[in-house]
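Read in order, the letters of the sequence shown correspond to residues 2 to 123 in this note's numbering.
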Amino acid sequence: MLETFTELSILYDFYGDLLPKRQKEVFRLYHEENYSLAEIAEEYDLSRQGVHASVKRTEEKLQSLEKQLGLVKRFREQEEVFRRLEGSIGTLLNELETGSPDAELFRTKLEEMAKDIQSLEE
């Protein structure tokens with residue numbers, strides 16, 4: 002449940018501005034402000050069931066946008082590339098600090114880094 006909640010929050014961060022204003026606000030109140038369905042219903046003069054349906058439609062819309070656009074997936078792929086680059090740079094810096102760097106390790110790590118950078122450009 003928490004994983005789904007977190008995933009929906011991430012999707013909302015990426016795609017929330019593409020939602021109609023009211024749908025966006027209802028979703029935000031429910032997921033970010035922890036309002037109950039009844040509290041939202043009262044604030045917007047809707048039925049509790051209507052609020053629930055709106056939240057579910059919004060969740061489906063966010064998931065649909067991700068399937069179509071894939072921005073979250075691409076973002077996560079880029080994060081992974083940056084983590085690998087950071088690790089490779091750390092390895093190379095450690096090698097330099099030893100005073101006798103391994104040339105083969107340097108070549109291998111630089112080739113890996115070049116491939117990672119190229120993948121970011123695609």
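Where is the CB? At the ideal position from N, CA and C, for every residue including glycine. Small disclaimer: the values here were computed from a predicted structure and weren't measured.
Start and end of the alpha helix (DSSP H) containing residue i?
i: Ser65; result: Arg49 to Leu70
i: Glu1; result: Only positions 2 to 123 of the chain appear in this structure, which leaves residue 1 out of reach.
i: Glu26; result: Lys22 to His32
i: Leu38; result: Leu38 to Tyr45
Determine, using beta carbons only, whether residue i and residue j come nearer to each other than 8 Å.
i: Val73; j: Leu12; result: yes
i: Ala39; j: Gly51; result: no
i: Glu60; j: Leu9; result: yes
i: Leu66; j: Tyr16; result: yes
Skipping 5 residues on each side, what residues in its chain have a beta carbon closer than 7 Å to that of residue i?
i: Leu106; result: Glu96
i: Lys110; result: Ser89, Thr92 and Leu93
Would you call the stretch 113-122 in contact with the stretch 79-91, where contact means no fewer than 3 C-beta pairs closer than 8 Å? Result yes; three or more Cβ-Cβ pairs closer than 8 Å.
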